[in-house]
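S.K.: Per our numbering, the very first residue in the sequence shown carries number 1421; after that it's consecutive. C-beta atoms are modelled at their ideal positions from N, C-alpha and C, and glycine is treated no differently. Everything numeric in this text was worked out from a predicted model, so none of it was measured.
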Amino acid sequence: MQETLIQIKNEAMSMIVSAEADEIEQIYISFLGKKGKLTNAMKEIPSLPIEERSEIGRLANEIKSTLEEQIKDKRMELKKNRSNPAQEEKTNRKYIPNDNSPVDITMPGNLPPLGSLHLVTQAIREITSIFEKIGFTRVRYPEVEYDWYAFGSLNFPQNHPARDDWETFFVDLPADSKKGNILLTPHTSSGQVREMERVLKNIGARQDGLYAEPGLSIKMLNIAKCYRRQSDVSHTQMFHQFEGLVVGENITIAHLKGVLEYFVKSYFGEKRTFRIRPYHFQFTEPSFEIDISCGVCMGRGCRLCKGGWLEMGGSGMVHPNVLKAGNIDPDKYTGFAFGWGVERVLMMKEGLKIDDLRLLYSNDLEFLEQF
Ligand code: PHE
1421 MQETLIQIKN EAMSMIVSAE ADEIEQIYIS FLGKKGKLTN AMKEIPSLPI
1471 EERSEIGRLA NEIKSTLEEQ IKDKRMELKK NRSNPAQEEK TNRKYIPNDN
1521 SPVDITMPGN LPPLGSLHLV TQAIREITSI FEKIGFTRVR YPEVEYDWYA
1571 FGSLNFPQNH PARDDWETFF VDLPADSKKG NILLTPHTSS GQVREMERVL
1621 KNIGARQDGL YAEPGLSIKM LNIAKCYRRQ SDVSHTQMFH QFEGLVVGEN
1671 ITIAHLKGVL EYFVKSYFGE KRTFRIRPYH FQFTEPSFEI DISCGVCMGR
1721 GCRLCKGGWL EMGGSGMVHP NVLKAGNIDP DKYTGFAFGW GVERVLMMKE
1771 GLKIDDLRLL YSNDLEFLEQ F
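1. Decide if HIS1580 is buried, meaning its Cβ has at least 16 other Cβ atoms within 10 Å, or exposed.
2. Whole angstroms is fine: what's the gap from LEU1788's alpha carbon to HIS1538's?
3. In angstroms, rounded to a whole number, what distance separates the CA positions of ASN1501 and ALA1439?
4. How is LEU1730 classed by DSSP in three states: helix, strand or coil?
5. In the DSSP output, which residue or residues are listed as bridge partners for HIS1655?
6. CB of ALA1582 to nearest heavy atom of ligand 1: below 6 Å?
7. Which residues in the same chain as VAL1523 place their Cβ atom closer than 7 Å to its Cβ, once the five residues preceding and following it in sequence are excluded?
8. When DSSP labels each residue in this structure, what does ARG1695 get in the three-state scheme?
9. Would you kindly report the start and end of the unbroken beta strand (DSSP E) that includes TYR1569?
10. Within this structure, are the beta carbons of LEU1665 and GLN1612 separated by less than 7 Å?
11. Just list the residues that DSSP pairs GLU1709 with in beta bridges.
12. Evaluate the contact criterion for the region 1724–1739 versus the region 1666–1683: three or more CB pairs, one atom per stretch, below 8 Å.
13. Would you check if the distance between the CB atom of LYS1639 and the CB atom of PHE1758 is smaller than 7 Å?
14. In terms of residues, what are the limits of the beta strand (DSSP E) holding ALA1644?
15. Thinking C-beta only, is SER1609 closer than 7 Å to LEU1574?
16. Do you know how far the Cα of LEU1779 is from the Cα of GLY1624?
17. In its own chain, which residues sit with a C-beta less than 7 Å from the C-beta of LEU1630, not counting the 5 before and 5 after it?
18. Tell me whether GLY1759, by its Cβ, gets closer than 6 Å to a heavy atom of ligand 1.
19. Under the assumption that PHE1451 contacts ILE1428 (Cβ atoms under 8 Å), give the Cβ distance between them as a whole number of angstroms.
20. Out of MET1658, ASP1584, CYS1717 and GLU1786, which one is the CA nearest neighbour of ARG1416?
21. Can you tell me whether ASP1493 is helix, strand or coil according to DSSP?
22. Using DSSP with H/G/I as helix, E/B as strand and the rest coil, what is VAL1666?
23. For GLN1661, which residues does DSSP report across the bridge?
24. Taking the alpha-carbon positions, what's the ARG1558 to ILE1643 distance?
25. Less than 6 Å between the CB of SER1609 and some heavy atom of ligand 1, yes or no?
26. For a test of the three-state rule: what should DSSP assign to ILE1623, helix, strand or coil?
27. Starting from VAL1564, follow its DSSP beta bridges and name the residues at the other end.
28. Quick check on DSSP: helix, strand or coil for GLY1678?
29. Beta-carbon within less than 7 Å of ARG1720's beta-carbon, same chain only, minus the 5 sequence neighbours each way: which residues are those?
30. Check whether the Cβ of PHE1576 sits closer than 6 Å to any heavy atom of ligand 1, and report yes or no.
31. Taking its Cβ as the centre, do 16 or more other Cβ atoms sit within 10 Å of GLN1650, making it buried, or is it exposed?
32. Go ahead and label MET1496 buried or exposed: buried means 16 or more other beta carbons lie within 10 angstroms of its beta carbon, across all protein chains shown.
33. Smallest Cα separation from LYS1752: which of ASN1460, GLU1633, ARG1626 and SER1485?
34. Count the other C-beta atoms from every protein chain shown that fall within 10 angstroms of the C-beta of GLN1542, then say buried if there are 16 or more, exposed otherwise.
35. By how many angstroms is the C-alpha of PHE1703 removed from the C-alpha of VAL1742?
Here it is in structure tokens:
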């Protein structure tokens, strides 16, 4: 039995080493498949005399994992060659010219390896197109921002400890007398009042007093980089958020729920559901946290989630003080806002399991080339 196993191993190894791209899967099947040679041999182990069984079993398992490893490596090697066909052609070249020309004109060119969009760029594009379909306008606001836009205008009182929740990076520059300290924006909510200012300016609104004339409509999608002092498997110091802001006459929580439902079904798929939990943010009232049903256990509860739910982020009805900071009359207008993490929704998508979020930004080609 021992000899049979070793023979199988040697035979498989020599085939793997010289395999071409179209052969490697067949080799896998003929040795490790359901009716493969090694699999068949292993089926006989239980009927061996007891003294031999454990040693032969161990040997068989060792051979099995060696072959699996080798096949995996070979697949990678063949894949690399495939993404650079010129290289492959060069090594397989049959015709070698023997004139004495200093330039070998038959030499094939080198094709630079093909790149692809980064996973996060792909997600940003997908999210943008989902929201553009229902009339949102994509904008982007400064990453280096004033305290006023990141906190002050968002109903954070001066020196209020709520600022600490955001673990902000401050920039070592003199503060502006009106707009305060300069910082790296810790959330895309800093775009809310900027967007109100932009839209009011666009429609030529007067600067004095709160805007209360009819017809104002804001539907913003702000996707930008955010920064916080945190780094572990589920946090990077730089990450992306996408923020929605809708302001209009008679905007209610029902609109927020409608947009949320539309996004969840479009991005995660029909099978996923969501729930809304009461929460607190300075700049929304009432405030909510949104959870999405776990795509691994479909809401039953598993290792990955909290009792079947995964946290997506915050939302709520725009606080009247925020509308006022943006020069909009809160008696005439209402709105809702939400701010969710791009990397986070990406990780929550079905079938994608990234153990360490920092991998996204490590520039590791082996990782990036998989997408
Ligand atoms: N800015 C909040 C955060 O970063 C999320 C949020 C956005 C909450 C909009 C409410 C409304 O956690």
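M.R.: On the basis of the supplied data:
1. Exposed.
2. C-alpha of LEU1788 to C-alpha of HIS1538: approximately 7 Å in a straight line.
3. Between ASN1501 and ALA1439, the C-alpha separation is close to 13 Å.
4. The three-state secondary structure of LEU1730, taken from DSSP, is strand.
5. Paired residues: ASP1652.
6. No; taking the cut-off as 6 Å, the Cβ of ALA1582 has no heavy atom of ligand 1 nearer than that.
7. Correct list: empty, nothing qualifies.
8. Residue state, collapsed to three classes: strand.
9. Premise fails: TYR1569 lies in the alpha helix (DSSP H), 1567–1570, not in any beta strand (DSSP E).
10. Cβ distance < 7 Å, so LEU1665 and GLN1612 count as in contact.
11. Partner(s): ARG1697 and GLY1734.
12. By the criterion of at least three beta-carbon pairs nearer than 8 Å, the region 1724–1739 is in contact with the region 1666–1683.
13. One thing to note: LYS1639 has its Cβ no nearer than 7 Å to the Cβ of PHE1758.
14. For ALA1644, the uninterrupted beta strand (DSSP E) run begins and ends at 1638–1647, by DSSP.
15. Their beta carbons are under 7 Å apart, which means LEU1574 touches SER1609 by this criterion.
16. About 46 Å.
17. So the list reads LYS1744, ASN1747, ILE1748 and ASP1749, once near-sequence residues are dropped.
18. Answer for GLY1759: yes, Cβ within range of ligand 1.
19. The pair is a contact, with the Cβ atoms about 7 Å apart (cut-off 8 Å).
20. No answer is possible for residue 1416: it lies beyond the span of the chain, which begins at 1421 and ends at 1791.
21. Helix.
22. Strand at VAL1666.
23. In the DSSP assignment, the residues bridged to GLN1661 are ALA1644 and GLY1761.
24. Near 7 Å, if we compare the C-alpha coordinates of ILE1643 and ARG1558.
25. Yes, Cβ of SER1609 sits closer than 6 Å to a heavy atom of ligand 1.
26. Coil at ILE1623, not helix or strand.
27. Beta-bridge partners of VAL1564 (DSSP): LEU1604.
28. DSSP places GLY1678 in helix when its eight states are reduced to three.
29. Hits under 7 Å: GLY1728.
30. Judged by the Cβ position, PHE1576 fails to qualify as a neighbour of ligand 1 at the 6 Å threshold, every heavy atom of the ligand being at least this far.
31. It counts as exposed.
32. Looking at its Cβ environment, which holds fewer than 16 other Cβ atoms inside 10 Å, MET1496 is exposed.
33. Here the closest residue by C-alpha is GLU1633.
34. Looking at its Cβ environment, which holds fewer than 16 other Cβ atoms inside 10 Å, GLN1542 is exposed.
35. When rounded, the distance between both Cα atoms is 6 Å.
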